[in-house]
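Residue numbers (my numbering): 917 to 1234.
Note that CB positions come from ideal geometry on N, CA and C, so glycine has one too.
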């Protein structure tokens, strides 16, 4: 997988309904500040009645993107994915539509049993995959272990940029909606995210965080993003452009973490003290590599901004 398709380059992945008429403009002319990746959605973001309109609009968008890519390539574009409504629509898109201008598909309601069907339609294409974990099976650790093992040993492995955690669909499975007062981690999804990280990250799969649907509540967003980073998630779904900058800021690396990561990867000592904490390269090397990869994309928070961030975090917890 080339550097452009690194999971660290997803950042805030903005979902845009396929009914929108400004998608090609947003991609080709960088109309949305900070946008690194977007998903053109034909599933939850589009009503049944609007599917014909969404399909017509998507075809026009794909035509524009394909033509532009032939002329200029897509080096400076955001990563672009299409999320079909279901497997049937996915098969149609892969077989009959010009997807040369997009990077991949987001696979809805992904399970181990549908893996062979998705792979059969995508294996001969250039398209990468972002399976979405959002069905009842996700709550079952045994089924998630079986899925992780199946993906780890499958030829599709090199095409998977990241696995997306579908928070709202998973909450719907247990008849809940996220609270306005608490983060997603304070309810059942706290268990689910921890379990998915334990099962998939141990096999080197990247995971992205669910959307925070409370767009205007900065306190909840900041607290949740801090927990996303604590769990090693590589990006977060966004549903509004105003969330992009907030997510990008959370993905920046602290100066102290960056310094520790450099020392860990360059030290010949088995154990050493750094900034009041023990560093052990044998056990911290993978963390350090991830920190440097993240810093290369998102940058480093200055000490002044880091102190302000600590204060803001303390205030949001009070």
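Legend entry - Within 9 Å, strictly: CB atoms of residue 1116 and residue 1064: For the purposes of this step, residue 1116 is taken as the residue at position 200 of the chain shown. For the purposes of this step, residue 1064 is taken as the residue at position 148 of the chain shown. Yes.
Inset, instruction - Compare the beta carbon distance of residue 1144 and residue 1125 with 9 Å and say whether it is the shorter of the two. - result: Numbered from 1 along the chain shown, position 228 holds the residue referred to as residue 1144. Numbered from 1 along the chain shown, position 209 holds the residue referred to as residue 1125. Yes; because the gap between Cβ atoms is below 9 Å, this pair is in contact.
Inset, instruction - Figure out for me which residue from 1196, 1088 and 1077 has the closest Cα to the Cα of residue 1149. - result: On the chain shown, residue 1149 is found 233 positions in, with the first residue counted as 1. The residue with the shortest Cα to Cα distance from residue 1149 is 1077.
Inset, instruction - Work out the CA separation of residue 1165 and residue 1081 for me, nearest whole Å. - result: Translated into the one-based positions of the chain shown, residue 1081 becomes position 165. Translated into the one-based positions of the chain shown, residue 1165 becomes position 249. Distance between the alpha carbons of residue 1081 and residue 1165: 21 Å.
Legend entry - CB of residue 1147 within 9 Å of CB of residue 1113, strictly: The count along the chain shown starts at 1 and reaches residue 1147 at position 231. The count along the chain shown starts at 1 and reaches residue 1113 at position 197. For residue 1147 and residue 1113, yes; Cβs fall inside 9 Å.
Legend entry - C-alpha gap between residue 1034 and residue 1189, whole angstroms: Looking up residue 1034 in the chain shown gives position 118. Looking up residue 1189 in the chain shown gives position 273. Near 48 Å, if we compare the C-alpha coordinates of residue 1189 and residue 1034.
Inset, instruction - Let me know if residue 1216 comes out buried or exposed under the rule of 16 or more other beta-carbons within 10 Å of its beta-carbon. - result: As a first step, residue 1216 is located in the chain shown; it is residue number 300 there, counting from the start. It counts as buried.
Legend entry - Proximity below 9 Å, CB of residue 990 to CB of residue 981: Position 74 of the chain shown, counted from the start, is the residue given in the question as residue 990. Position 65 of the chain shown, counted from the start, is the residue given in the question as residue 981. Contact flag set, yes.
Legend entry - Contained alpha helix (DSSP H) runs [length at least 4] in the region 1086 to 1167, N- to C-terminal order: 1104 to 1116, 1134 to 1146 and 1158 to 1167
Inset, instruction - With a threshold of 16 other CB atoms inside 10 Å of the CB of residue 1004, please say whether the residue is buried or exposed. - result: Position 88 of the chain shown, counted from the first residue, corresponds to residue 1004. Label assigned to residue 1004: exposed.
Inset, instruction - Spatial neighbours of residue 1062 within its chain, please: CB distance less than 7 Å, with the 5 preceding and 5 following residues excluded, ordered by chain position. - result: To locate residue 1062, count along the chain shown from 1; it is residue 146. Same-chain partners within the cutoff: 1028.
Legend entry - Beta-carbon proximity of residue 978 to residue 970, cut-off 9 Å: The count along the chain shown starts at 1 and reaches residue 978 at position 62. The count along the chain shown starts at 1 and reaches residue 970 at position 54. Cβ atoms of residue 978 and residue 970: not closer than 9 Å.
Legend entry - Residue environment, residue 946, which counts as buried when at least 16 other CB atoms sit within 10 Å: The residue given as residue 946 occupies position 30 in the chain shown. Residue 946 is exposed by the Cβ-count criterion.
Inset, instruction - Locate the beta strand (DSSP E) running through residue 1007, then write down its first and last residues. - result: Residue mapping note: residue 1007 aligns to position 91 of the chain shown, counting from 1. No beta strand (DSSP E) holds residue 1007; the alpha helix (DSSP H) holding it covers 1003 to 1012.
Legend entry - Minimum C-alpha distance to residue 1218 - residue among 1194, 1202 and 1171: Within the chain shown, numbered from 1, the residue matching residue 1218 stands at position 302. Closest by alpha carbon: 1171.
Legend entry - Local conformation of residue 1188 per DSSP, three classes: Taking the chain shown and counting its residues from 1, one reaches residue 1188 at position 272. Looking at residue 1188 - three-state DSSP - the assignment turns out to be strand.
Legend entry - Boundaries (first-last residue) of the alpha helix (DSSP H) holding residue 1048: On the chain shown, residue 1048 is found 132 positions in, with the first residue counted as 1. It is not in any alpha helix (DSSP H) - residue 1048 instead sits in the beta strand (DSSP E) that spans 1044 to 1049.
Inset, instruction - Indicate whether residue 921 and residue 1151 have their beta-carbon atoms separated by less than 9 Å. - result: Residue mapping note: residue 921 aligns to position 5 of the chain shown, counting from 1. Residue mapping note: residue 1151 aligns to position 235 of the chain shown, counting from 1. No, the Cβ-Cβ distance between residue 921 and residue 1151 is not below 9 Å.
Inset, instruction - Determine the burial state of residue 1182: buried for a count of at least 16 other Cβ atoms within 10 Å of its Cβ, exposed for fewer. - result: Here residue 1182 refers to the residue found at position 266 when the chain shown is read from its first residue. So residue 1182 counts as exposed.
Inset, instruction - Return the CA-CA distance between residue 936 and residue 976, expressed in angstroms with no decimal places. - result: To locate residue 936, count along the chain shown from 1; it is residue 20. To locate residue 976, count along the chain shown from 1; it is residue 60. Their Cα atoms are separated by approximately 11 Å.
Inset, instruction - In the DSSP assignment, find the unbroken beta strand (DSSP E) run with residue 995 in it and report its ends. - result: Residue mapping note: residue 995 aligns to position 79 of the chain shown, counting from 1. Taken as a continuous stretch (DSSP letters only), the beta strand (DSSP E) holding residue 995 covers 995 to 999.
Legend entry - Residues of its chain near residue 994, where Cβ-Cβ distance is below 7 Å and the 5 sequence neighbours each way are ignored: Numbered from 1 along the chain shown, position 78 holds the residue referred to as residue 994. Excluding sequence neighbours, residue 994 sits near 943, 951, 952, 953 and 954.
Inset, instruction - With residue 977 as the anchor, note down where its alpha helix (DSSP H) starts and where it stops. - result: Position 61 of the chain shown holds residue 977. Membership of residue 977 in the alpha helix (DSSP H) is indicated by the continuous run 967 to 988.
Inset, instruction - Tell me, please, which residues DSSP counts as bridged to residue 1030. - result: Start at 1 with the first residue of the chain shown, and residue 1030 comes out as number 114. BP columns for residue 1030 are empty, so no partner.
Legend entry - Cβ-Cβ distance between residue 1157 and residue 967 below 9 Å: In the chain shown, the residue the question calls residue 1157 occupies position 241. In the chain shown, the residue the question calls residue 967 occupies position 51. Cβ atoms of residue 1157 and residue 967: not closer than 9 Å.
Legend entry - Residue(s) in a DSSP beta bridge with residue 1022: Taking the chain shown and counting its residues from 1, the one referred to as residue 1022 is at position 106. Here residue 1022 is bridged, per DSSP, to 1046.
Legend entry - For residue 1193: DSSP bridge partner residues: Counted from its first residue, the chain shown places residue 1193 at position 277. Answer is 1190.
Inset, instruction - Determine the burial state of residue 972: buried for a count of at least 16 other Cβ atoms within 10 Å of its Cβ, exposed for fewer. - result: By 1-based counting over the chain shown, the position of residue 972 is 56. Per the 10 Å Cβ criterion, exposed.
Legend entry - Burial state of residue 1194, where buried means 16 or more other Cβ atoms lie within 10 Å: Along the chain shown, read from residue 1 onward, the residue named residue 1194 stands at position 278. With fewer than 16 Cβ atoms within 10 Å of its Cβ, residue 1194 is classed as exposed.
Inset, instruction - Write down the C-beta distance between residue 928 and residue 1154 rounded to the nearest angstrom, noting that I regard them as a contact closer than 8 Å. - result: As a position in the chain shown, residue 928 is number 12, starting the count at 1. As a position in the chain shown, residue 1154 is number 238, starting the count at 1. Distance from residue 928 to residue 1154 at the Cβ level is roughly 4 Å; contact confirmed, criterion being Cβ atoms closer than 8 Å.
Inset, instruction - Determine, using beta carbons only, whether residue 1298 and residue 1105 come nearer to each other than 9 Å. - result: Not covered by the structure: residue 1298. The range shown for the chain is 917 to 1234.
Inset, instruction - Tell whether a beta-carbon distance below 9 Å holds between residue 1108 and residue 1141. - result: In the chain shown, counting from the first residue as 1, residue 1108 sits at position 192. In the chain shown, counting from the first residue as 1, residue 1141 sits at position 225. No, the Cβ-Cβ distance between residue 1108 and residue 1141 is not below 9 Å.
Inset, instruction - With DSSP as the reference, label residue 1179 as helix, strand or coil. - result: Your numbering for residue 1179 matches position 263 in the chain shown. Note: residue 1179 maps to helix in three-state DSSP.
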